[in-house]
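J.: Please see the structure below; I have some questions.
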Amino acid sequence: MDDLLELDDQLTPEHRMVRDSVAGFVTDRVLPHVGDWFEQGVFPARDLAPVLGSLGMLGMHLEGYGCAGLDAVSYGVACRELEAGDSGLRSFVSVQGSLAMFPIWKYGSEEQKREWLPRMASGEAIGCFGLTEPDHGSDPAGMRTTAKQDPSGDWMLNGAKMWITNGSIADVAVVWAQTDDGIRGFVVPTSTPGFSAPEIHRKMSLRASVTSSLYFDDVRLPASAVLPGVTGLKGPLSCLTEARFGILWGVVGAARACLEAAVDYARTRVQFGRPIGAFQLTQEKLAWMAVALGQAGLTALHLGRLKDAGTLKPRQVSFGKLANVRAALDIARQARTVLGANGVTLEYPVIRHMNNLESVLTYEGTQEVHLLTLGKALTDLDAFR
Amino acid sequence: MNIVVCVKQVPDTATERKLRSDDKTLDREAADGVVNELDEYAVEEALKLKEAHGGEVTVLTMGPGKATETIRKVLAMGADKAVHLSDDALHGSDALSTSYAMAQALKKIGFDLVVLGSESTDARTGVLAAMLAERLGVPQLTLANKVEVNGSAIAVQRLTDYGYDKVEASLPAVVSVVEKINEPRYPSFKGIMAAKKKPVETLGVADAEISADQVGLANAWSEVVDFAVAPPRAAGTVVKDEGDGGAKIAEFLASKKFV
Ligand SMILES: Cc1cc2nc3c(=O)[nH]c(=O)nc-3n(C[C@H](O)[C@H](O)[C@H](O)COP(=O)(O)OP(=O)(O)OC[C@H]3O[C@@H](n4cnc5c(N)ncnc54)[C@H](O)[C@@H]3O)c2cc1C
């Protein structure tokens with residue numbers, strides 16, 4: 001399919017090498033199987049993690065401790081190619097790199113970094129990020145999970161988290177909990193007594209991704225388990241800003257895959273004696289989809305350049321997440337109509353992407369939350385509460 | 001072991017490839033340049049040999065300035081350094097003069113083993129390995145689908161129509177590989193970052209002691225006399241089986257002189 005804006009010509013040769021490595025991996029190792037994974041509701045994390053690790057995809061944008069230290073545009077391009085495979089795959093990589101490794105890298109002690117980062121970068125250890133709770137999603141400030149320090153200095157963790165990607169397969173959980181000093185992050189080995197993580201089943205979206213509840217029943221942690229570098233909600237929120245940056249690039253990949261499938265199908269499916277792509281209604285759909293895709297790609301590239309320049313603001317990330325997820329979802333839904341009945345089967349990638357994007361719309365700040373963030377940025381009036 | 005792997009930048013086979021109307025050479029600007037596919041297998045084999053026996057892998061590329069992108073990719077796969085043989089005087093060199101220029105560069109670099117793909121997807125002459133070996137006065141082990149090095153002895157399985165031949169020689173030697181030999185790795189992100197800092201030496205004809213009167217279009221022994229754009233593929237013939245399908249297919253094949 002023609003890349004109308006020739007956006008990738010803007011990339012450096014390194015960016016293109018990153019793109020080609022990830023795209024090659026996705027073509028060889030993911031696309032032949034991902035329809036089955038989705039149907040069966042599984043993600044073969046233990047098989048894929050070492051391969052992702054050897055390519056350098058886990059914590060790719062972090063420096064040191066076995067991480068590759070890529071720039072932001074490279075990180076974005078990698079997410080785009082991963083999500084052209086499946087949003088579940090990109091979620092795995094986002095959670096590992098931006099939500100589990102990033103807080104340890106940014107706020108952790110030297111000991112925590114040395115213990116976890118090299119093993120997480122190689123894919124030997126899998127991480128998860130526990131912020132959302134059954135009763136606190138968009139409003140995490142009111143979380144009820146608590147960590148209390150006893151006189152010996154040990155922490156006692158109690159409570160529950162929900163909708164946690166990689167939860168049941170993780171070796172380590174970065175858990176955010178209320179303490180006497182406000183919200184703190186904890187590095188919790190999942191083998192600690194009192195920790196359990198049953199998988200959440202019956203999802204109709206992001207099926208090739210493990211989602212779990214986390215339960216903490218008097219989980220005793222040493223004093224050294226707390227992330228020393230941050231207190232308050234800005235800790236988890238800064239991680240989410242990192243991960244959302246990956247999302248606003250990633251969904252461009254999912255949308256591209258949908259448009260490609262639609263263009264292919266429109267050129268070959270014949271009805272009324274002509275390829276359906278020769279009908280003006282179909283062409284209008286494809287043209288709007290291509291425009292939306294190009295605009296999303298431009299937004300991603302612009303924000304990537306701002307991030308590399310060190311000036312990217314959280315509200316700009318909200319802009320990108322809001323605009324690009326919306327665009328991707330619209331493209332996926334349009335593509336689905338072009339494929340007719342084939343649009344609802346896993347023989348084609350479209351319905352899989354479309355259903356996945358419903359989760360992507362909700363996690364890492366719902367569409368509404370990002371609308372309110374932009375509304376506040378424009379009016380200086382807070383409409384959250 | 002000092003391994004030199006020869007890598008060519010070729011126009012992407014997925015894009016439309018053209019010859020230039022002015023001098024009838026390949027139009028390298030018209031298409032994206034990529035690593036010649038078979039050379040990726042050569043690189044992989046070179047890296048494996050280095051991993052098993054130690055030493056160093058040097059990339060040798062002859063081509064215009066644009067070929068640096070190809071060199072970076074091979075360095076990102078894990079090669080240690082590169083030599084870029086690049087000079088306007090080399091433009092239009094045929095297989096014979098290319099082998100001369102490459103051999104001169106190889107003599108300058110020094111090697112225990114030269115590895116290359118068995119042919120390039122653009123010119124497809126498939127003769128460079130043999131010519132290089134002759135020019136360098138070392139054994140040629142071509143079309144290898146397995147390579148084993150033991151001290152200064154080298155043995156390959158040479159792919160043939162009936163299976164393979166076992167070919168043995170001693171180093172230094174030239175080996176060309178076929179695609180069955182391995183599964184080339186993707187450049188890892190660390191490899192991509194590291195490649196930026198790896199040394200690339202550029203050699204002109206004078207640096208490599210190449211006489212300019214033996215290379216380039218003017219001195220080529222082979223010449224493109226004329227070329228035409230391939231006609232679009234004609235619609236196929238559909239044979240409908242009405243009891244006589246077999247006979248019709250035989251008739252068709254006979255008409256094309258296939259049987
Ligand atoms: C597949 C999947 C994976 C996930 N992975 C993780 C993970 O790894 N770690 C983690 O911590 N969380 C994870 N989440 C949780 C996700 O971040 C939350 O679902 C999300 O923050 C929304 O919270 P909620 O589901 O409780 O919805 P709620 O906050 O209850 O929202 C319900 C609806 O109300 C709207 N709403 C809420 N407040 C307002 C308001 N003030 N104004 C207007 N509308 C409002 C919302 O936008 C939404 O439409 C995951 C979720 C999914 C689906």
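So the protein lines, in turn, are chains X and H.
Reading the first sequence from the start, the letters are residues 1 to 385 in full-length UniProt numbering.
Reading the second sequence from the start, the letters are residues 1 to 259 in full-length UniProt numbering.
Quick reminder that beta carbons are idealized off the backbone N, C-alpha and C, glycines included.
Taking DSSP's pairing of strands, which residues face threonine 58/H in a bridge?
T.: Partner residues in the beta bridge of threonine 58/H, as assigned by DSSP, are Val4/H and Lys81/H.
J.: Just to confirm, are leucine 60/H and leucine 106/H a CB contact at a threshold of 8 Å?
T.: yes
J.: For methionine 60/X, decide whether its Cβ has a neighbour in chain H, counting only Cβ atoms nearer than 8 Å.
T.: yes
J.: Comparing the CB of glutamate 364/X with every heavy atom of ligand 1, is any distance shorter than 7 Å?
T.: yes
J.: Along chain H, which residues have their Cβ under 8 Å away from the Cβ of alanine 68/X?
T.: Below the 8 Å Cβ cutoff, chain H contributes Ser188, Phe189, Lys190, Ile192 and Met193 as neighbours of alanine 68/X, in chain order.
J.: I'd like the list of long-range same chain contacts for cysteine 79/X, defined as Cβ closer than 8 Å, with 5 residues on each side in sequence excluded.
T.: Arg90, Val93, Ser94, Gly246, Ile247, Trp249, Gly250 and Gly253
J.: Can we count leucine 62/X as close to ligand 1, meaning its CB is less than 7 Å from some heavy atom?
T.: no
J.: Taking only heavy atoms of ligand 1 into account, decide whether any of them is closer than 7 Å to the Cβ of phenylalanine 384/X.
T.: yes
J.: Where does the unbroken beta strand (DSSP E) through aspartate 308/X begin, and where does it stop?
T.: That residue, aspartate 308/X, is in no beta strand (DSSP E); its alpha helix (DSSP H) goes 280-309.
J.: Would the beta-carbon of alanine 296/X fall within 8 Å of that of alanine 328/X?
T.: yes
J.: Which chain H residues are close to glycine 24/X, counting only those with a beta carbon under 9 Å from its beta carbon?
T.: Tyr186
J.: Is there a C-beta anywhere in chain X that falls below 8 Å from the one on glutamate 69/H?
T.: yes
J.: From the DSSP output, in three-state form, read off isoleucine 154/H for me.
T.: Strand, per DSSP.
J.: Quick check on the burial criterion: 16 or more other C-beta atoms within 10 angstroms. Buried or exposed for glycine 236/H?
T.: exposed
J.: Within this structure, are the beta carbons of leucine 217/H and glycine 92/H separated by less than 8 Å?
T.: Annotated as proximal: leucine 217/H and glycine 92/H, with beta-carbon spacing under 8 Å.
J.: Using a Cβ cut-off of 7 Å, pull out every chain H residue sitting near valine 18/X, in sequence order please.
T.: Phe189 and Ile192
J.: First and last residue of the beta strand (DSSP E) that includes tryptophan 163/X?
T.: Start and end: 155-165.
J.: Would serine 21/X pass as an interface residue toward chain H - the criterion being a Cβ-Cβ separation below 8 Å?
T.: yes
J.: Determine contact between the region 186-197 of chain H and the region 55-74 of chain X, defined as no fewer than three beta-carbon pairs at a distance below 8 Å.
T.: yes
J.: Going by DSSP, what residues sit across from proline 275/X in a beta bridge?
T.: Val270/X
J.: Contact defined as beta carbons within less than 8 Å: I believe isoleucine 109/H pairs with glycine 55/H. What is the distance between those atoms, to the nearest angstrom?
T.: Not a contact, Cβ separation roughly 13 Å.
J.: Candidates Ile169/X, Ile331/X and Gly69/X: which alpha carbon is nearest glycine 294/X's?
T.: Ile331/X
J.: Taking the alpha helix (DSSP H) that tryptophan 116/X belongs to, which residues open and close that run?
T.: 110-122
J.: Going by the CB atoms, is the gap between tryptophan 155/X and phenylalanine 195/X shorter than 8 Å?
T.: no
J.: Give a yes or no on whether 8 Å exceeds the smallest Cβ distance from arginine 72/H to chain X.
T.: Any Cβ of chain X closer than 8 Å to the Cβ of arginine 72/H would place that residue at the interface, and such an atom is present.
J.: Check whether the region 262-278 of chain X touches the region 159-178 of chain X, counting contact only when three or more Cβ pairs, one atom from each stretch, lie closer than 8 Å.
T.: no
J.: Is glycine 246/X near ligand 1, judged by its Cβ being under 7 Å from some heavy atom?
T.: no
J.: Would you say threonine 146/X and arginine 184/X are within 8 Å of each other, going by their C-beta atoms?
T.: Result no, Cβ atoms of threonine 146/X and arginine 184/X do not sit closer than 8 Å.
J.: Let me check understanding here. Comparing Cα to Cα, which of Gly245/H, Val229/H and Glu209/H lies closest to alanine 89/H?
T.: Of all alpha-carbon atoms in Gly245/H, Val229/H and Glu209/H, the one lying nearest the alpha-carbon of alanine 89/H is that of Glu209/H.
J.: Mind checking which residues open and close the alpha helix (DSSP H) that includes isoleucine 331/X?
T.: Taken as a continuous stretch (DSSP letters only), the alpha helix (DSSP H) holding isoleucine 331/X covers 314-338.
J.: Which same chain residues, not among the five before or five after lysine 148/X, have their C-beta less than 6 Å away from its C-beta?
T.: Met156
J.: For the candidate residues Asp180/X, Arg315/X and Ala309/X, whose alpha-carbon lies nearest to that of leucine 240/X?
T.: It is Arg315/X whose Cα lies nearest to the Cα of leucine 240/X.
J.: Relative to the C-alpha of alanine 100/X, which residue among Trp288/X, Pro198/X, Leu237/X and Asp71/X is closest?
T.: Leu237/X
J.: Looking at chain B, is there any beta carbon in it that lies within less than 8 Å of the beta carbon of alanine 76/H?
T.: This model lacks chain B altogether; the protein chains it does include are X and H.
J.: State the CB to CB distance for the pair arginine 19/X and glutamate 81/X, rounded to an integer number of angstroms; the pair is presumed to be in contact (CB under 8 Å).
T.: 6 Å
J.: For methionine 57/X, go through chain H and note every residue whose CB falls closer than 8 Å to its CB, in chain order.
T.: Neighbours of methionine 57/X on chain H, chain order: Phe189.
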